[in-house]
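Below is one structure, written out as structure tokens; the observations come after it.
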Amino acid sequence: MVDDKRRDELDPGFRTIFGSSLFKQDPDDEPMFQAPEKQEPTWAPEPESEPEPLTPVEEVRRMRVDLSQDEEILAKELAALGHSKYEIVKEIDRGRRRRKNHPLPRRAG
Numbered sequence: 001m002v003d004d005k006r007r008d009e010l011d012p013g014f015r016t017i018f019g020s021s022l023f024k025q026d027p028d029d030e031p032m033f034q035a036p037e038k039q040e041p042t043w044a045p046e047p048e049s050e051p052e053p054l055t056p057v058e059e060v061r062r063m064r065v066d067l068s069q070d071e072e073i074l075a076k077e078l079a080a081l082g083h084s085k086y087e088i089v090k091e092i093d094r095g096r097r098r099r100k101n102h103p104l105p106r107r108a109g
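In case it helps, UniProt numbering puts the sequence shown at residues 1 to 109.
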């Protein structure tokens with residue numbers, strides 16, 4: 001029967017077209033299928049250290065990057081009174097809305 005003969009014996013050009021990797025009997029010989037050697041990392045991981053806790057004013061600066069001088073002063077005053085960073089940001093946003101709706105102070109009368 002023809003099925004008993006290997007393909008490369010029947011067609012000599014088959015091996016040149018597809019290469020000899022099809023005919024390797026043991027896949028362990030193929031370097032692609034072997035696990036890479038265990039390597040140690042070249043960088044030394046820095047020890048985990050706790051970052052310093054930020055003050056409420058610094059937290060507000062991170063949350064609202066574009067603070068004006070007045071907003072900075074307001075944040076410091078509210079932090080001194082014991083307000084949380086969220087309350088300070090809420091007050092700053094409230095002041096911004098007021099200024100947006102009424103950019104100039106109203107005159108009495």
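Glycine included, C-beta positions come from ideal geometry on N, C-alpha and C.
Of R107, A79, K90 and N101, the smallest CA-CA separation from P56 is found for A79.
Residue state for L54 is assigned as coil, using DSSP reduced to three classes.
With contact defined as three or more Cβ pairs closer than 8 Å, the stretch 46-64 and the stretch 79-88 are in contact. Straight through space, the alpha carbons of V65 and T42 are spaced by roughly 37 Å.
Taking all protein chains in view, the Cβ of A44 is surrounded by fewer than 16 other Cβ atoms within 10 Å, so the residue is classified as exposed.
Non-local beta-carbon contacts of M63 in its own chain, meaning distances under 8 Å to residues more than five positions away in sequence, involve K85 and V89 in chain order.
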